[in-house]
Amino acid sequence: MKLKFILVISLMTVILYGCNKDEVKDVPANAPADQNATQQTGETPTDQVTFNFLEFSLDVDYSATESYEVEYEDKKTGIEAKLEDDRKNEKLQGDEAYTKLEPLFKQLNFDSTTSNDEVIDQVIKVFNIEDNYQSIEVDVEFVDGNEKEFKRIK
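Written out as structure tokens, the structure reads:
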């Protein structure tokens with residue numbers, strides 16, 4: 001019985017550890033702040049947010065086997081970031097991904113009222129997306145609560 005208990009606990013520890021790989025541990029001082037903390041100080045959440053979005057997802061397909069993907073989430077429990085680039089055989093998570101994505105995110109200046117073409121053009125420029133892509137999709141949850149999907153298919 002004790003052996004089963006120890007095995008279950010060990011397995012749960014491994015599973016829980018694996019769930020947090022994308023979490024950013026070393027968040028810069030100017031990164032988005034926890035919304036609960038800002039509400040306690042009387043500031044609005046947008047006063048502390050570095051980017052104009054809480055979630056950002058980018059999926060660029062070059063072929064059936066080559067893609068470029070970015071995932072970013074600013075949750076109450078922390079920031080999660082992931083970047084996968086099949087063409088450069090690059091897979092980054094957590095702090096490494098955030099460090100690479102932060103300067104790119106700072107260059108994005110669209111909001112929920114920006115047109116589809118403007119958003120896609122801006123993302124192509126900022127992320128240096130090669131022109132031979134087949135499709136590009138951007139999903140964003142803005143700090144104002146709006147969620148939008150922007151898409152272009154060649």
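In UniProt numbering, the protein residues as written are 1 to 154. The beta carbon of each residue, even a glycine, is placed where N, CA and C say it ideally should be.
Straight-line Cα distance separating residue j from residue i
i: Ser112; j: Lys148; result: 7 Å
i: Lys154; j: Ser135; result: 6 Å
i: Asp117; j: Val126; result: 14 Å
i: Asn89; j: Glu69; result: 12 Å
i: Leu58; j: Gln93; result: 15 Å
i: Arg152; j: Glu137; result: 7 Å
i: Glu130; j: Ile124; result: 8 Å
i: Glu84; j: Val140; result: 18 Å
i: Val119; j: Tyr98; result: 21 Å
i: Phe51; j: Ala64; result: 32 Å
i: Gln107; j: Gln122; result: 9 Å
i: Phe142; j: Thr114; result: 12 Å
i: Asp144; j: Phe110; result: 13 Å
i: Arg87; j: Asn146; result: 32 Å
i: Lys91; j: Asp74; result: 20 Å
Opening and closing residue of the alpha helix (DSSP H) in which residue i lies
i: Ala97; result: 94-107
i: Ile124; result: 116-126
Segment limits, beta strand (DSSP E) that includes residue i
i: Ile129; result: From DSSP, Ile129 is part of no beta strand (DSSP E); its letter is neither H nor E.
Local conformation of residue i per DSSP, three classes
i: Ser135; result: strand
i: Arg152; result: strand
i: Asp85; result: strand
i: Asp111; result: coil
i: Phe56; result: strand
i: Tyr17; result: With a pLDDT of 47 at Tyr17, under the threshold of 50, the modelled position of that residue is not reliable, and no figure is offered here.
Nearest to residue i (by Cα), restricted to the options the options
i: Lys76; options: Asp95, Asp121, Ser67, Glu55; result: Glu55
i: Phe150; options: Asp85, Asp95, Val60; result: Val60
i: Ile79; options: Gly145, Asn132, Leu101; result: Leu101
i: Glu96; options: Lys82, Leu104, Lys106; result: Lys82
i: Tyr72; options: Glu66, Tyr62, Phe105, Arg87; result: Phe105
i: Ser67; options: Tyr133, Gly145, Asp144, Asn146; result: Tyr133
i: Pro103; options: Asn128, Asp86, Arg87; result: Asn128
According to DSSP, residues forming a beta bridge with residue i
i: Asp61; result: Ser67, Ser135
i: Asp144; result: Its beta-bridge partners do not exist; DSSP assigns none.
i: Lys75; result: Gly78
Any chain B beta carbon closer than 9 Å to residue i
i: Val119; result: In the displayed structure, chain B is absent; only one protein chain is listed.
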